[in-house]
Amino acid sequence: MGRKAKFSSKQKLWAIDRILSGEDSILHTATLLGCSDVTIHDWLRNYQISGINGITVTSKNNIYTTNIKLKAVKDYLKGVGSLREICQKYSIRSTTQLRRWIIKYNSHEELKASGTGGVPIMTKGRKTTYDERVEIIQYCIEHQNNYAETADKYQVSYQQVYSWVKKYESKGIDGLVDKRGKNKTKDEMTELERLRAENKLLKAQNRRQELEMAFLKKLDEIERRRF
Numbered sequence: 053m054g055r056k057a058k059f060s061s062k063q064k065l066w067a068i069d070r071i072l073s074g075e076d077s078i079l080h081t082a083t084l085l086g087c088s089d090v091t092i093h094d095w096l097r098n099y100q101i102s103g104i105n106g107i108t109v110t111s112k113n114n115i116y117t118t119n120i121k122l123k124a125v126k127d128y129l130k131g132v133g134s135l136r137e138i139c140q141k142y143s144i145r146s147t148t149q150l151r152r153w154i155i156k157y158n159s160h161e162e163l164k165a166s167g168t169g170g171v172p173i174m175t176k177g178r179k180t181t182y183d184e185r186v187e188i189i190q191y192c193i194e195h196q197n198n199y200a201e202t203a204d205k206y207q208v209s210y211q212q213v214y215s216w217v218k219k220y221e222s223k224g225i226d227g228l229v230d231k232r233g234k235n236k237t238k239d240e241m242t243e244l245e246r247l248r249a250e251n252k253l254l255k256a257q258n259r260r261q262e263l264e265m266a267f268l269k270k271l272d273e274i275e276r277r278r279f
């Protein structure tokens with residue numbers, strides 16, 4: 053299922069027409085719409101490349117091959133062009149998308165459809181304790197949700213890691229309780245144990261956000277130096 057578009061094709065065309073006709077600036081138009089000037093630049097570039105089709109809102113996400121993703125990321129890191137220039141070269145709809153790929157690549161998470169990151173996947177799971185699951189998820193979150201690397205490090209299956217992370221994201225710390233066996237249950241956990249576990253995972257999330265923000269800041273500095 054595709055993501056719901058924040059702006060309609062009509063709104064995008066309205067913005068593009070104002071700018072191309074000289075009626076308004078990119079910055080002021082972005083302020084009127086409540087978006088960033090980078091978003092407006094993306095619309096303009098897509099319109100210039102593909103016309104109305106470039107800004108048409110569809111119900112499906114764009115599909116990019118692994119080869120295109122790698123070429124785009126490597127070209128940018130080698131200084132071949134700016135984010136916008138690389139997007140134009142490979143018909144990538146937004147610089148935001150390219151930024152995400154660069155972050156993944158920089159985190160050694162290979163850009164593959166399978167998401168394996170080049171690490172052999174252990175398909176057979178094993179039994180784990182509650183404390184182990186907390187530690188495993190903490191590691192996974194701190195490493196940009198690299199499920200394959202986490203599975204390999206802790207000798208559990210890729211599917212287990214993926215499932216635990218999703219349960220934590222949807223149900224919080226209680227989602228990690230294994231109700232099938234005799235592992236520690238929610239009732240048996242003391243309040244101190246719960247707080248410690250929650251604190252571990254919150255710290256991991258904060259650390260990940262700090263790293264991503266630092267990397268994005270570095271990207272912005274590189275972009276400014278190129279102009």
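Count the sequence shown with the working numbering and you get residues 53 to 279, in order. For each residue, glycine too, the CB sits at the ideal point set by N, CA and C.
Close Cβ partners of residue i (< 6 Å) along its chain, the five nearest in sequence each way excluded
i    : result
M53  : Confidence at M53 is low in this model, with a pLDDT of 41, below 50, so its placement is unreliable and the value that follows should be read with caution. Here the set comprises nothing.
K62  : none
T108 : S61
Endpoints, the alpha helix (DSSP H) within which residue i is located
i    : result
R70  : 61-72
C87  : Looking at the DSSP string, C87 is not in any alpha helix (DSSP H), and its letter there is neither H nor E.
D183 : 182-194
N119 : 118-129
Y214 : 210-223
D204 : 199-206
I9   : The chain is shown from 53 up to 279; residue 9 falls before or after that span and cannot be answered.
I115 : Run containing I115: none; DSSP gives neither H nor E here.
R136 : 135-141
Assumed close pair residue i, residue j - CB separation to whole angstroms, cut-off 8 Å
i    : j    : result
Y182 : V229 : 7 Å
W287 : K58  : The requested residue 287 does not occur in the structure, where the chain is confined to residues 53 to 279.
Y206 : I188 : 5 Å
Beta-carbon proximity list for residue i, same chain, < 7 Å, skipping 5 on both sides
i    : result
R136 : H93, R97, T147
A249 : V186, I225
T242 : none
Short Cβ contact (8 Å threshold) for residue i with residue j
i    : j    : result
S209 : A203 : yes
I115 : A124 : no
Y128 : I144 : no
Q211 : K252 : no
G133 : K121 : no
R246 : E194 : no
V217 : N197 : yes
Cut-off 8 Å between Cβ atoms - residues of its own chain near residue i, not counting five sequence neighbours on either side
i    : result
I71  : S77, I78, T81, I92, L96
V90  : T147, T148
Y220 : I189, G227, L228, L253
G177 : V208, S209, Q211, Q212
Buried versus exposed, by CB contacts within 10 Å (16 or more), residue i
i    : result
I68  : buried
I180 : Reading off the sequence shown, one finds Thr at residue 180, where the question assumed Ile. Result: buried.
G86  : exposed
T237 : Caution is warranted here: a pLDDT of 49 is assigned to T237, below 50, making its placement in the model unreliable, and no coordinate value can be reported.
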